[in-house]
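Asker: The structure is given below, and queries will be raised subsequently.
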Amino acid sequence: MRLPLSLALADLRHERGLALTAAIACAAVLAPLIVLFGLKEGVIAGLRADLIQNPRAREILNTQNRAFDAAFFAAEAARPEIAFIVPRTRTLSGIGNIEIPGRPGETQRAELLGTAPGDPLLRGVQQPDGMGVVLSSALAVRLGVSAPVDLSLRIVRIVDGRRETMVLPVRALATAPPAAFGREGLFLSLPLLLLAEDFQDGLIGPDDTLPAIAHEARQYAGFRLYARRLEDVVTLDADYRRRNIEISTRAEEIAGLIGLDRNLGLLFTTIAALGGAGYLVSLGLSLWANVARKRRDLALLRLSGLSAAGLAAFPVAQAAVTAGAGSLLAAALALAVAWFVNQLPFGARAEEYPVCLILPEHLAVAAGATLAGAMLAALFAGLRAAAVQPAEGIRDA
Amino acid sequence: MLPALEITDTAKRRGTGTSGEFALLIPHFAVAPGEAIAITGPSGSGKSTLLDMLALALKPDTAKRFSIAEVDAALLWQRDRADALARLRAGTLGYVLQQGGLLPFLSVRQNILLPQRLAGRIDPARLAALADRLGITDQLDKKPAALSVGQRQRAAIARALAHRPGIVLADEPTASVHPEMADTILALLVDTARESGAALVLATHDPTRAEAAGFTLLPLATGREDDTAISVLERQ
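First to last, the sequence lines map onto chains A and B. So for the first sequence, the working numbering puts the first residue at 1; every next one is plus one. So for the second sequence, the working numbering puts the first residue at 398; every next one is plus one.
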């Protein structure tokens with residue numbers, strides 16, 4: 001086999017101009033396919049990451065004040081579809097006023113949100129604990145402060161027409177990412193939130209402090225939960241509606257996005273399959289034409305006593321070299337184009353997720369498929385070459 | 398001495414073109430090592446058909462015996478052993494074609510080396526000696542396209558003899574060269590083939606020049622029978 005291989009390489013060297021042209025032609029078709037695939041990967045990966053990494057997409061809130069007991073929360077927390085669940089207080093009582101020490105009179109209203117370890121909204125943020133709280137980014141901007149900072153949280157109640165205020169010295173440990181909560185909000189540990197609620201309910205006086213008093217069979221007005229996967233939101237949405245629990249979710253939007261993901265995938269797969277098939281056919285035809293062009297040389301080799309397998313190996317070896325060079329060239333081109341595309345301003349996500357995502361394994365698959373396709377096409381050409389009659393070599397064309 | 402080539406009761410019929418059918422009959426044909434035979438006859442008399450068969454490139458319709466270097470190719474044809482025929486070609490036959498038939502993508506040296514590699518008989522000294530004898534030592538590292546027609550035919554002779562074949566076939570090797578050059582090339586072909594003890598078979602339409610170069614002439618006997626043109630080759 002070494003002789004036909006060295007002959008095939010010698011022929012390629014002799015016609016390096018043509019061989020280079022063939023490799024460029026190969027790259028010219030392959031590179032756009034790689035870029036197209038990179039775009040599909042980038043767009044869909046970005047879409048998915050956006051939805052999966054933004055916990056708000058998996059958020060489910062109940063919308064009416066109800067009475068859920070501890071057993072309800074225990075049961076829901078145990079469900080595999082639910083990643084995290086935390087109780088909420090009544091919507092009207094979940095309000096506080098924030099004051100910066102040293103600037104009395106300037107207060108800012110904020111929604112009070114109970115939280116617990118594992119809250120997806122506060123991933124990567126220091127966990128509120130005791131008197132330690134976390135600011136929503138809108139609240140931090142409104143207050144003009146940056147954590148850590150000491151603040152006072154003022155809870156107001158009206159008792160017999162008198163206004164009473166509980167002042168809680170809290171320490172803002174951190175600021176939540178903007179995506180966590182869009183309005184002015186304060187994340188509190190659950191005991192602190194319940195302390196505020198108990199004060200508003202008239203159960204404790206303004207001077208009481210943590211720990212909050214223990215209640216037998218405490219009831220909670222609502223919940224805030226996060227589904228484990230996007231698809232679970234759709235399931236949970238249907239489940240709560242069946243149980244007559246009014247909720248707000250992004251289920252419709254998610255169902256749409258999941259459909260879009262699937263359709264985009266199908267679209268890109270179709271384009272890539274058509275392009276890829278056309279590419280392999282053109283590669284095969286050019287190799288076939290090459291054998292026709294070299295028929296006389298091949299016949300001479302046959303006449304000189306080269307075996308049929310040796311003749312067949314001739315175009316296969318040339319195809320492998322051409323396809324290999326073409327793949328390398330295509331990979332270089334595609335990476336350059338991807339780099340350029342990723343420099344373009346395609347919206348805020350561009351810095352986080354590349355629009356065109358080309359991984360080494362994509363390039364390996366592209367090169368592998370090209371080599372396999374080219375060598376398969378060349379094998380047919382090679383079988384044709386093997387059938388070249390030695391007599392064709394005797395007569396000069 | 399055993400003949401390098403011996404054929405008995407072999408026939409090949411061809412086509413039904415405008416000129417009707419054609420048949421080449423070989424009752425007996427033998428060539429001894431070192432002999433130089435020129436097959437002559439007008440064009441269409443079957444010289445090419447004969448050479449194709451001798452080159453094991455064309456299967457005869459019938460062949461009682463078709464012995465090339467003491468291997469009976471008739472049996473290989475019967476069993477359709479294409480690669481065995483290719484090996485027999487590689488080991489025992491050398492060719493000089495009309496235009497030289499050198500591979501354009503190999504240097505002259507690689508072209509001459511090719512039959513040695515195919516026969517598994519690498520012999521650089523033989524290559525150097527032939528190149529020297531044929532006056533192409535300076536051309537060895539050029540591609541065939543860089544050579545003159547005469548130099549190319551000399552290189553083709555070197556290639557035909559490089560692997561010390563028992564039989565050398567030449568098909569109008571001087572058809573495209575200058576007449577004076579043709580005499581030189583034919584003489585070189587006869588001399589080098591004789592020096593290496595090969596049986597040489599030439600197909601030519603120019604008996605005078607072949608005889609002058611030292612070939613023994615063997616004309617194809619031509620005749621007609623109904624619509625069939627018949628050529629007969631006979632030599633004891």
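All residues carry an ideal CB built from backbone N, CA and C; glycine is no exception. Only a predicted model underlies this, so the values are computations on that prediction, with no experimental measurement involved.
If distances are taken between C-alpha atoms only, which option among A:L151, A:P177, A:L173 comes closest to R123 of chain A?
Answerer: Taking only the C-alpha atoms, the option nearest R123 of chain A is A:P177.
Asker: Which residues share a DSSP beta bridge with E631 of chain B?
Answerer: Note: E631 of chain B sits in a beta bridge opposite B:H425.
Asker: Any beta carbon from chain B within less than 9 Å of D50 of chain A's own beta carbon?
Answerer: No, no contact with chain B.
Asker: Using a threshold of 9 Å, state whether the C-beta atoms of V587 of chain B and G563 of chain B are closer than that.
Answerer: Contact: no.
Asker: Quick check on L485 of chain B - is its C-beta less than 9 Å from some C-beta in chain A?
Answerer: By this cut-off, L485 of chain B is an interface position.
Asker: Please say whether L186 of chain A and A116 of chain A have beta carbons closer to each other than 9 Å?
Answerer: Result no, Cβ atoms of A116 of chain A and L186 of chain A do not sit closer than 9 Å.
Asker: At 8 Å on the CB atoms, spell out the chain B contacts of P390 of chain A, in chain order.
Answerer: Ordered by position in chain B, the residues that pass the 8 Å Cβ test against P390 of chain A are A452, L453, A454, A483, R486.
Asker: As an exercise, report each continuous alpha helix (DSSP H) stretch of at least 4 residues that is fully enclosed by the stretch 546 to 581 of chain B, in chain order.
Answerer: The stretch 546 to 581 of chain B contains these whole alpha helix (DSSP H) runs: 546 to 558.
Asker: Classify H575 of chain B as buried or exposed, calling it buried when 16 or more other Cβ atoms lie within 10 Å of its own Cβ.
Answerer: The residue is exposed, with fewer than 16 neighbouring Cβ atoms inside 10 Å.
Asker: Measuring only between beta-carbons, confirm whether A382 of chain A sits less than 9 Å from chain B.
Answerer: In the sequence on display, residue 382 of chain A carries Gly and not Ala. Output row for G382 of chain A: interface = no.
Asker: Tell me whether R16 of chain A is buried or exposed, calling it buried when 16 or more other Cβ atoms sit within 10 Å of its Cβ.
Answerer: With fewer than 16 other Cβ atoms within 10 Å, it is exposed.
Asker: Using a Cβ-Cβ cut-off of 9 Å, state whether L362 of chain A counts as contacting chain B.
Answerer: The sequence given here has His at residue 362 of chain A, not Leu. No, its Cβ sits nowhere closer than 9 Å to a Cβ of chain B.
Asker: Should R514 of chain B be flagged as near chain A, meaning a C-beta pair shorter than 9 Å?
Answerer: Yes - at least one Cβ of chain A is within 9 Å of the one on R514 of chain B.
Asker: What residues match up with E59 of chain A in a beta bridge as DSSP calls it?
Answerer: Answer is A:Y226, bridged to E59 of chain A.
Asker: Between the stretch 494 to 510 of chain B and the stretch 538 to 546 of chain B, can you find at least three pairs of beta-carbon atoms closer than 8 Å?
Answerer: Contact between the stretch 538 to 546 of chain B and the stretch 494 to 510 of chain B is present, because at least three Cβ pairs lie under 8 Å.
Asker: Of all the options A:D237, A:E246, A:L359, A:A385, which has the alpha carbon lying nearest to the alpha carbon of G42 of chain A?
Answerer: For G42 of chain A, the nearest C-alpha among the options comes from A:L359.
Asker: Going along the stretch 304 to 319 of chain A in order, which residues come within less than 7 Å of chain B, judged by CB to CB distance?
Answerer: Going along the stretch 304 to 319 of chain A in chain order, one finds S304, G305, L306, S307, A308 with a Cβ nearer than 7 Å to chain B.
Asker: Here's a check: name, in chain order, each residue in its chain whose Cβ is nearer than 6 Å to the Cβ of S307 of chain A, leaving out the five neighbours to either side.
Answerer: Hits under 6 Å: none found.
Asker: Are the CB atoms of A374 of chain A and A320 of chain A nearer to each other than 9 Å?
Answerer: Yes, Cβ-Cβ distance for A374 of chain A and A320 of chain A is below 9 Å.
Asker: Tell me, to the nearest whole angstrom, how far the beta carbon of P604 of chain B is from that of T437 of chain B; I am working on the premise that it is less than 8 Å.
Answerer: Yes, P604 of chain B and T437 of chain B are in contact; Cβ-Cβ is about 4 Å, under 8 Å.
Asker: Check A348 of chain A in the structure and name its three-state DSSP category.
Answerer: At A348 of chain A, the pLDDT of 48 sits below 50, so the modelled position is not reliable and the matter cannot be decided from this model.
Asker: Who are the near neighbours of F419 of chain B in its chain, counting only those whose CB is closer than 6 Å to its CB and skipping five residues on each side?
Answerer: Excluding sequence neighbours, F419 of chain B sits near R411, A626.
Asker: For a contact defined as C-beta to C-beta under 7 Å, what are the partners of L300 of chain A on chain B?
Answerer: Going along chain B in sequence order, the residues near L300 of chain A (Cβ under 7 Å) are G498, L500.
Asker: Assign L451 of chain B to one of two classes, buried (16 or more other C-beta atoms within 10 Å of its C-beta) or exposed (fewer than that).
Answerer: That one is buried.
Asker: Just how far apart, CA to CA, sit I204 of chain A and L39 of chain A?
Answerer: If you take the alpha carbons of I204 of chain A and L39 of chain A, they lie about 60 Å apart.
Asker: From the DSSP output, read off the bridge partner residues of N97 of chain A.
Answerer: A:R109, A:R154, per the DSSP bridge assignment.
Asker: Could one say the Cβ of L544 of chain B lies closer than 9 Å to chain D's Cβ atoms, at least one of them?
Answerer: Included in the structure are the protein chains A and B, with no chain D among them.
Asker: Does any CB atom of chain B fall closer than 9 Å to the CB of A367 of chain A?
Answerer: Taking Cβ atoms only, chain B never reaches closer than 9 Å to A367 of chain A, which makes this a no.
Asker: So which residues on chain A does A470 of chain B lean against when the C-beta distance must stay under 7 Å?
Answerer: Residues of chain A passing the Cβ test: none, with the nearest at roughly 13 Å.
Asker: Chain A beta carbons: is any one of them nearer than 9 Å to that of D480 of chain B?
Answerer: Closer than 9 Å: yes.
Asker: Is T249 of chain A near I82 of chain A, with beta carbons less than 9 Å apart?
Answerer: No.
Asker: Inspect the CB distances between the stretch 218 to 225 of chain A and the stretch 145 to 157 of chain A and report whether three or more fall short of 8 Å.
Answerer: The answer is no - the stretch 145 to 157 of chain A does not touch the stretch 218 to 225 of chain A, with fewer than three Cβ pairs under 8 Å.
Asker: So who's on the other strand from S307 of chain A, going by DSSP bridges?
Answerer: Looking at the DSSP assignment, S307 of chain A forms no beta bridge with any residue, so it has no partner.
Asker: Between D69 of chain A and R218 of chain A, is the Cβ-Cβ spacing less than 9 Å?
Answerer: Contact flag set, yes.
Asker: Could you say which of A:G310, A:L266, A:L30 lies nearest to A325 of chain A if we only look at CA atoms?
Answerer: The option with the nearest alpha carbon to A325 of chain A is A:L30.
Asker: Look up V468 of chain B in the DSSP assignment and say whether it is helix, strand or coil.
Answerer: In the structure shown, V468 of chain B sits in a strand (DSSP, three-state: E or B).
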